[in-house]
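Data block below; observations after.
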Amino acid sequence: MHVLELDLSEKPSTSLPSAVVEIPGRAPKLQVYSPLLSPLRSLQKSHGGRIRKLHLRPSIPYQLRIGRKLIITSGNQKLPKRDRSVPRLRIRAGPAFGTGEHGTTRLCLRYLTQFHDRCRKSNPQILDLGCGSGILALACAKLGSFAKGWDNDKSAVKEALRNARLNRLNHRAHFQQADVLRKALPPADLILANLYDTLLLQLLPRLRAHRKAGTQLIFSGILVGQERPILRDAKKLGWKLERRGRIGRWLCLQFR
Ligand SMILES: C[S@@+](CC[C@H](N)C(=O)[O-])C[C@H]1O[C@@H](n2cnc3c(N)ncnc32)[C@H](O)[C@@H]1O
174 MHVLELDLSE
184 KPSTSLPSAV
194 VEIPGRAPKL
204 QVYSPLLSPL
214 RSLQKSHGGR
224 IRKLHLRPSI
234 PYQLRIGRKL
244 IITSGNQKLP
254 KRDRSVPRLR
264 IRAGPAFGTG
274 EHGTTRLCLR
284 YLTQFHDRCR
294 KSNPQILDLG
304 CGSGILALAC
314 AKLGSFAKGW
324 DNDKSAVKEA
334 LRNARLNRLN
344 HRAHFQQADV
354 LRKALPPADL
364 ILANLYDTLL
374 LQLLPRLRAH
384 RKAGTQLIFS
394 GILVGQERPI
404 LRDAKKLGWK
414 LERRGRIGRW
424 LCLQFR
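In the working numbering, the protein residues as written are 174 to 429.
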């Protein structure tokens, strides 16, 4: 992942995800994110700023518990006795997004474990769009599904494959480089998409056949205040909102 850092006075018109970052003692900056350098380079030509590679590494080993259903750890750390029977997924922090610590990922993890609790089908099929480190697809595979994960960032796919091997889940989770707006979307019982609002809006019309087939959708990566157009378009296309979760300023929407 790369980031272009700009002064707040520059307001580029772009559909790439962006955020205003305030660090005490420094002037606030606008950050624009992209896995590919080329769109940031063209923005830099017109607006200036500085591009750097974003390393999404936590500084300390972490351990994340999703109810009694799943534990995510960054390494081989020893778990307390009461947690030793809970399925465990190891996600090594690398250059791809998705250690589980971010609110958008945590909401997806919470919803996907509940999906597996309720699902009566054996071996449900999962599609993870924008898989990053592979965390969501691998969590589904750990809970008994077959998962396909796509990302347009080559280094994320490499990372997801590495995490699949680390957890011995390569037979249940497959990853490939693909743009979610271009490649035909295969049938799935559950689609996870932790992306960003404008991309989710573009994705919705591509999911007509899935709605008819009874697929469930988990949309994440939506900031408070960005959900209205998504709710409006989803309703128009026949999706029923089942749940709306929030961690901090991040929302996750589940549709059926
Ligand atoms: C917010 S991260 C989510 C990672 C992980 N699924 C999670 O929940 O933690 C979004 C991912 O979507 C990928 N992405 C962005 N636009 C995409 C596109 N058009 N097609 C495929 N992947 C895309 C990014 O490279 C990034 O890895």
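The C-beta atom is built at its ideal place from N, Cα and C for all residues, glycine as well.
### Nearest to Ser432 (by Cα), restricted to the options Leu189, Ala386, Pro234 and Thr272
In this structure the chain extends from 174 to 429, so residue 432 is not present and cannot be described.
#### Entry: Burial state of Asp324 (16 or more Cβ within 10 Å)
buried
### Task
Return helix, strand or coil for Thr187, following the three-state DSSP convention.
coil
### Task
Name the residue from Leu414, Arg335, Leu354 and Ala314 whose alpha carbon lies nearest to the alpha carbon of His289.
Ala314
### Message
In whole angstroms, give me the CA-to-CA distance for Pro185 and Leu300.
### Response
32 Å
### Task
Just mark Glu415 as buried or exposed, buried being the case when its beta carbon has 16 or more other beta carbons within 10 Å.
With fewer than 16 Cβ atoms within 10 Å of its Cβ, Glu415 is classed as exposed.
### Query
Which two residues bound the contiguous alpha helix (DSSP H) that contains Tyr284?
Gly276 to Arg291
#### Entry: Residue environment, Pro297, which counts as buried when at least 16 other CB atoms sit within 10 Å
buried
### Query
Touch check for the stretch 362-373 and the stretch 386-406: three-plus C-beta pairs under 8 Å?
yes
### Message
Short of 7 Å in beta carbon distance, which residues of its chain neighbour Ala312, apart from the five on each side in sequence? Order them along the chain.
### Response
Taken in chain order, the residues that qualify are Leu243, Leu262, Leu282 and Leu285.
### Query
Is it right to say Asp326 is buried, meaning 16 or more other beta carbons lie within 10 angstroms of its own, or is it exposed?
buried
### Query
Taking 6 Å as the cut-off, is the CB of Val353 close to at least one heavy atom of ligand 1?
yes
### Query
With a Cβ-Cβ cutoff of 7 Å, do Gly240 and Gly271 count as a contact?
With respect to the 7 Å criterion, Gly240 and Gly271 are not classified as neighbours on the basis of their beta carbons.
#### Entry: Cβ separation of Gly222 and Glu178, assumed to be a contact under 8 Å, to the nearest whole Å
5 Å
### Task
Rank Ile264, Arg265 and Gln236 by C-alpha distance to the C-alpha of Lys251 and give the top, closest one.
Gln236
### Query
Mind checking whether the beta-carbon of Thr246 lies closer than 6 Å to any heavy atom of ligand 1?
no
### Query
Can the beta-carbon of Gly418 be found closer than 7 Å to that of Leu334?
no
### Message
Pro201 and Leu181 - do their beta-carbons sit closer together than 7 Å?
### Response
The criterion of a C-beta distance shorter than 7 Å is satisfied by Leu181 and Pro201.
### Task
Please report how far the alpha carbon of Ile264 lies from the alpha carbon of Thr278, in whole angstroms.
13 Å
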